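Participant: Numbers in the working numbering are just positions in the sequence shown, counted from 1, shifted up by 306.
Note that CB positions come from ideal geometry on N, CA and C, so glycine has one too.
Values in this document were obtained by computation on a predicted structure and should not be read as measured data.
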Amino acid sequence: MCGIVGITGDKQVAPILIEGLKRLEYRGYDSAGIAVINQGLKVVKQEGKIKALEAEAAHHDLSGTCGIAHTRWATHGAPNRINAHPHQDDDGSLALVHNGIIENYTVLKTQLLKQGHTFKSETDTEVLAHLISHHYHGNLEEAVQKALSLAEGTYGIAVMHADEPGKIVGARKGSPLVVGVGQGTNYLASDVAAILGETRQVIYLDDGELAVLTPHDVRVLGIRNELLTKEIQEITWDLDRIQKGGYPHFMLKEIHEQPETIVDAFRGRILPETGDVKLSGLRLTDWELRNVRRIIILACGTSFHAGLLGEYLIEEYAGIPVEVEYASEFRYRSPVIEPGTLCLTISQSGETIDTLEAMREAKRRGAKVLGITNVVGSTIARETDGGIYIHAGPEIGVASTKAFTSQVTILVLLTIMLGRRHSISSERGMRLLQELQRVPEKIRQILARDEEICEIAAVYKNHSNFLYLGRGYNYPIALEGALKLKEISYIHAEGYPAAEMKHGPIALIDPDMPVVVICTRDGSYQKIKGNVQEVKARSGKVISIVTEDEEEIAAMSDHVIRIPASSEILSPLLAVVPLQLLAYHIAVMRGCNVDQPRNLAKSVTVE
Ligand code: AGP
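Below you can see the structure in the form of structure tokens.
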């Protein structure tokens with residue numbers, strides 16, 4: 307999730323652009339840059355924090371009344387100065403900043419190289435800059451429209467050309483972009499937070515729209531180049547509320563982002579015609595994929611729970627033996643790595659020291675190591691032989707939510723890729739992919755039940771112990787639900803395989819220990835129903851997560867949360883959402899610091 311700010315008017319813009327970037331820092335980023343028009347284009351870019359950009363900018367003349375600026379959350383290309391935005395064309399007369407992913411950038415880049423363009427960076431964004439330049443004949447908005455008609459993917463962009471000083475062109479498709487209307491100055495931003503200090507009058511662009519800004523005019527054009535009349539809205543929120551997208555906490559914002567982040571995880575990676583997937587970052591040949599004999603998954607915390615799902619998925623659909631290890635345990639024992647072993651490390655941050663060191667140990671013992679991470683250029687991403695970015699955007703809340711569902715989505719894609727090279731047909735692959743693409747809408751249906759879940763949270767918020775039960779694909783979700791609750795509400799919660807209850811935990815059952823049971827209609831439905839009956843027979847309280855048409859378990863439960871029906875392997879992506887919300891609401895009601903729970907860090911980079 308990159309940050310964009312653009313300003314054109316009658317005042318010096320560099321300091322205002324930098325201030326705007328600072329207001330976007332909360333989103334997370336790895337590099338930043340600024341461009342100002344004044345007798346040509348001046349561009350300063352820097353890896354690292356905005357203060358590094360400020361220090362570098364002090365050595366340049368950035369005077370000027372029209373400029374754009376950017377904070378980068380890397381998706382293609384390592385986080386460094388060369389890959390930072392703004393990107394320019396060959397003669398440096400055009401500057402562009404971008405938020406999103408251009409899916410067909412390699413095809414476009416090949417064509418542009420043949421037409422004599424030269425590239426400096428590894429990014430998809432630089433391709434867009436050259437493409438617009440290639441179609442530029444004196445009118446920037448026309449060149450942008452032409453170029454975007456050839457690009458596939460998502461974008462929010464701001465573009466300037468030295469031949470048209472004072473003009474900024476913005477366009478959006480899939481990534482937010484807002485116009486700020488001022489007096490003699492107009493603004494463009496990826497997020498209202500960036501320009502709140504300058505104006506509260508904003509125009510939200512919709513997908514397919516393009517805005518042309520000059521100091522005294524704003525024009526918004528539609529897909530057919532028609533001039534649109536857009537409503538100017540007054541922003542009443544304060545900065546803190548805006549940075550959370552209107553939600554009271556980053557965690558709730560990120561829970562609600564999941565329909566979009568799951569799409570971002572599979573965007574551009576599905577091959578519907580063959581029921582297959584493409585995961586270019588894996589850097590594994592088909593031969594290597596067909597000859598994987600064993601997979602070891604290494605992770606911690608929530609990522610470990612995603613790894614457990616990976617075990618169930620890959621063993622069922624690819625027939626490859628998988629073991630999931632706590633990275634902290636793996637690295638200190640003497641693991642046996644045979645030829646044909648593939649080691650998969652899962653880490654949102656890509657910096658977790660236990661996972662990193664376990665990955666290094668596996669590598670030392672001869673395994674090929676892959677990473678499933680969220681942070682481009684993170685240590686794990688750089689040290690593995692290949693990997694897959696989950697594209698979840700910055701996850702600010704310490705409790706991992708959207709990263710988890712994106713990790714699971716990637717594991718479903720990886721399972722299909724392995725399965726199509728081992729045992730599953732293209733038809734089965736197609737069905738799985740079609741079902742996966744229906745998950746975001748089903749999650750929206752669950753999110754719409756947030757109020758119901760909040761009411762249930764109010765009933766149980768004062769309990770001191772919880773038990774979470776699940777079977778099969780929902781056993782890892784029981785673990786994840788328990789982790790969510792304990793880490794943000796400080797209530798003791800344990801996740802257990804439901805059948806294990808009779809081997810000990812059943813001694814704990816009483817009215818003071820609520821039992822959350824995930825009872826989606828799948829292969830173990832009858833068994834899990836028996837577990838619910840065992841709890842009720844001992845006066846336990848049951849909160850059941852059931853498929854929307856289920857009656858029997860619902861009738862015996864104290865509270866019920868319904869989720870849409872889905873295939874067994876995708877039900878975890880749905881069942882986890884009510885558990886995230888339940889934990890969130892209980893923690894809020896207990897007055898806990900939901901985004902920064904006590905004693906926890908977002909990334910555990912020390913032993
Ligand atoms: C999850 O909500 C926790 N914040 C924690 O368990 C986390 O999943 C774990 O520390 C692993 O982090 P990583 O995915 O960045 O490696």
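L558: beta carbon under 7 Å from a heavy atom of the ligand AGP?
Facilitator: Taking the first residue of the sequence shown as position 1, residue 558 is located at position 252. Taking 7 Å as the cut-off, the C-beta of L558 does not count as close to any heavy atom of the ligand AGP.
Participant: According to DSSP, which residues form a beta bridge with Q507?
Facilitator: For the purposes of this step, residue 507 is taken as residue 201 along the sequence shown, with counting starting at 1. Paired residue(s): E540.
Participant: If you check the beta carbons only, do S586 and G309 fall under 8 Å apart?
Facilitator: Your numbering for residue 586 matches position 280 in the sequence shown. Your numbering for residue 309 matches position 3 in the sequence shown. In this structure, G309 does not lie closer than 8 Å to S586 by Cβ.
Participant: Could you give the DSSP three-state label for I759: helix, strand or coil?
Facilitator: Reading the sequence shown from its first residue, position 453 is the one you call residue 759. Residue state, collapsed to three classes: helix.
Participant: Would you kindly work out how many angstroms separate the C-alpha atoms of Y618 and G778, rounded to a whole number?
Facilitator: Counting from 1 along the sequence shown, the entry for residue 618 is found at position 312. Counting from 1 along the sequence shown, the entry for residue 778 is found at position 472. Roughly 8 Å separates the two Cα atoms.
Participant: Could you pull the start and end residues of the beta strand (DSSP E) that I869 belongs to?
Facilitator: Position 563 of the sequence shown holds residue 869. I869 -> beta strand (DSSP E) spans H865 to I869.
Participant: How would you label Q549, buried or exposed, when you count the other beta carbons within 10 angstroms and need 16 or more for buried?
Facilitator: As a working note, residue 549 is residue 243 in the sequence shown. By the Cβ neighbour-count rule, Q549 is buried, with 16 or more other Cβ atoms within 10 Å of its own.
Participant: Within 10 Å of its beta-carbon, does I538 have 16 or more other beta-carbons around it, so buried, or fewer, so exposed?
Facilitator: Counting from one through the sequence shown, the residue named residue 538 turns up at place 232. When all chains shown are included, I538 counts as exposed.
Participant: Where does the unbroken beta strand (DSSP E) through A464 begin, and where does it stop?
Facilitator: Working through the sequence shown from its first residue, we reach residue 464 at position 158. Start and end: Y461 to H467.
Participant: Is G607 near the ligand AGP - that is, is its Cβ less than 7 Å away from at least one heavy atom of it?
Facilitator: Position 301 of the sequence shown, counting from 1, holds the residue named residue 607. Within the cutoff, so yes.
Participant: Taking I834 as the reference, which of I694, I851, R525 and R737 has the closest Cα?
Facilitator: As a working note, residue 834 is residue 528 in the sequence shown. When C-alpha distances from I834 are compared across I694, I851, R525 and R737, the shortest belongs to I851.
Participant: Any heavy atom of the ligand AGP inside 7 Å of the beta-carbon of V841?
Facilitator: Within the sequence shown, residue 841 is the residue found at index 535, counting from 1. No, the Cβ of V841 stays beyond 7 Å of every heavy atom of the ligand AGP.
Participant: Check Q751 in the structure and name its three-state DSSP category.
Facilitator: The count along the sequence shown starts at 1 and reaches residue 751 at position 445. Q751: helix per DSSP, three-state reduction.
Participant: Please determine, among G444, S729 and L400, the residue with the shortest C-alpha to C-alpha distance to V433.
Facilitator: Position 127 of the sequence shown holds residue 433. Closest by alpha carbon: L400.
Participant: When you compare only the Cα positions, how much space is there between V628 and F610?
Facilitator: As a working mapping, residue 628 is identified with position 322 in the sequence shown. As a working mapping, residue 610 is identified with position 304 in the sequence shown. The straight-line gap from Cα to Cα measures roughly 13 Å.
Participant: Express the C-alpha separation of G829 and A709 in angstroms, rounding to a whole number.
Facilitator: Within the sequence shown, residue 709 is the residue found at index 403, counting from 1. Within the sequence shown, residue 829 is the residue found at index 523, counting from 1. Their backbone Cα atoms lie some 27 Å apart in a straight line.
Participant: Cutting at 6 Å between CB atoms, please list the residues of its own chain near Y510, excluding the five before and the five after it.
Facilitator: Taking the sequence shown and counting its residues from 1, the one referred to as residue 510 is at position 204. V484, listed in sequence order.
Participant: Any idea what DSSP makes of D582, helix, strand or coil?
Facilitator: Along the sequence shown, one-based indexing puts residue 582 at 276. Of the three classes helix, strand and coil, the one that applies to D582 here is strand, per DSSP.
Participant: Hey, quick one: how far does the alpha helix (DSSP H) through A477 stretch, first residue to last?
Facilitator: By 1-based counting over the sequence shown, the position of residue 477 is 171. Here A477 belongs to no alpha helix (DSSP H); instead the beta strand (DSSP E) covers I474 to K479.
Participant: Compare the Cα-Cα distances from C606 to each of S732, L789, E560 and A338 and report the closest residue.
Facilitator: For this step, residue 606 is matched to residue 300 along the sequence shown. If we check each option's Cα against that of C606, L789 comes out closest.
Participant: Can you tell which of A804, G503, L614 and L519 has its C-alpha closest to the C-alpha of V841?
Facilitator: In the sequence shown, counting from the first residue as 1, residue 841 sits at position 535. The shortest C-alpha separation from V841 is found at A804.
Participant: Ends of the alpha helix (DSSP H) at A401?
Facilitator: For this step, residue 401 is matched to residue 95 along the sequence shown. Taken as a continuous stretch (DSSP letters only), A401 belongs to no alpha helix (DSSP H), being part of the beta strand (DSSP E) at L400 to N405.
Participant: Once the 5 residues before and after K669 are set aside, which same chain residues still bring their CB inside 6 Å of it?
Facilitator: Residue 669 sits at position 363 when you count from the first residue of the sequence shown. Closer than 6 Å at Cβ, skipping near neighbours: V675.
Participant: Quick one: is Y774 buried, meaning 16 or more other Cβ sit within 10 Å of its Cβ, or exposed?
Facilitator: As a first step, residue 774 is located in the sequence shown; it is residue number 468 there, counting from the start. So Y774 ends up on the buried side.
Participant: Examine chain B for any beta-carbon lying closer than 8 Å to the beta-carbon of P700, and answer yes or no.
Facilitator: The structure shown has no chain B; it contains just one protein chain.
Participant: Do Q886 and the ligand AGP come close, with the Cβ less than 7 Å from some heavy atom?
Facilitator: Position 580 of the sequence shown, counted from the start, is the residue given in the question as residue 886. In this structure, the ligand AGP has no non-hydrogen atom nearer than 7 Å to the beta-carbon of Q886.
Participant: Leaving aside the five residues before and after S845 along the sequence, list all residues of the same chain whose C-beta is less than 7 Å from its C-beta, in chain order.
Facilitator: One-based indexing of the sequence shown puts residue 845 at position 539. Cβ neighbours of S845 beyond the five flanking positions: D816 and P817.
Participant: Take E362 and list the residues in its own chain whose beta-carbon comes closer than 6 Å to its own, dropping the five residues that flank it on each side.
Facilitator: The residue labelled residue 362 in the question sits at position 56 within the sequence shown. For E362, where only same-chain residues beyond five positions count, the Cβ hits under 6 Å are V350 and Q352.
Participant: Would you decide whether Q654 is buried or exposed? Buried here means 16 or more other CB atoms lie within 10 Å of its CB.
Facilitator: For the purposes of this step, residue 654 is identified with residue 348 of the sequence shown, where counting begins at 1. It is buried - the Cβ of Q654 has at least 16 other Cβ atoms within 10 Å.
Participant: So, is Q394 buried or exposed, given that buried needs 16 or more other C-beta atoms within 10 angstroms?
Facilitator: Sequence index remark: in the sequence shown, residue 394 carries index 88 (1-based). Flag for Q394 reads buried.
Participant: Roughly how many angstroms separate the alpha carbons of T661 and Y781, rounded to a whole number?
Facilitator: The residue labelled residue 661 in the question sits at position 355 within the sequence shown. The residue labelled residue 781 in the question sits at position 475 within the sequence shown. Cα-Cα distance, rounded: 22 Å.
Participant: In the DSSP assignment, find the unbroken alpha helix (DSSP H) run with K833 in it and report its ends.
Facilitator: The residue labelled residue 833 in the question sits at position 527 within the sequence shown. Residues Y831 to K842.
Participant: Could you tell me the alpha carbon to alpha carbon distance between V681 and P903, rounded to whole angstroms?
Facilitator: Looking up residue 681 in the sequence shown gives position 375. Looking up residue 903 in the sequence shown gives position 597. Cα to Cα, V681 sits roughly 22 Å from P903.
Participant: Just checking Q902 against the ligand AGP - is the residue's beta carbon closer than 7 Å to any of the ligand's heavy atoms?
Facilitator: For the purposes of this step, residue 902 is identified with residue 596 of the sequence shown, where counting begins at 1. Incorrect: Q902 has no Cβ contact closer than 7 Å to the ligand AGP.
Participant: Applying the criterion that 16 or more other CB atoms from any shown protein chain within 10 Å of the CB defines a buried residue, is N771 buried or exposed?
Facilitator: Position 465 of the sequence shown, counted from the first residue, corresponds to residue 771. Answer is exposed; the Cβ neighbour count stays below 16.
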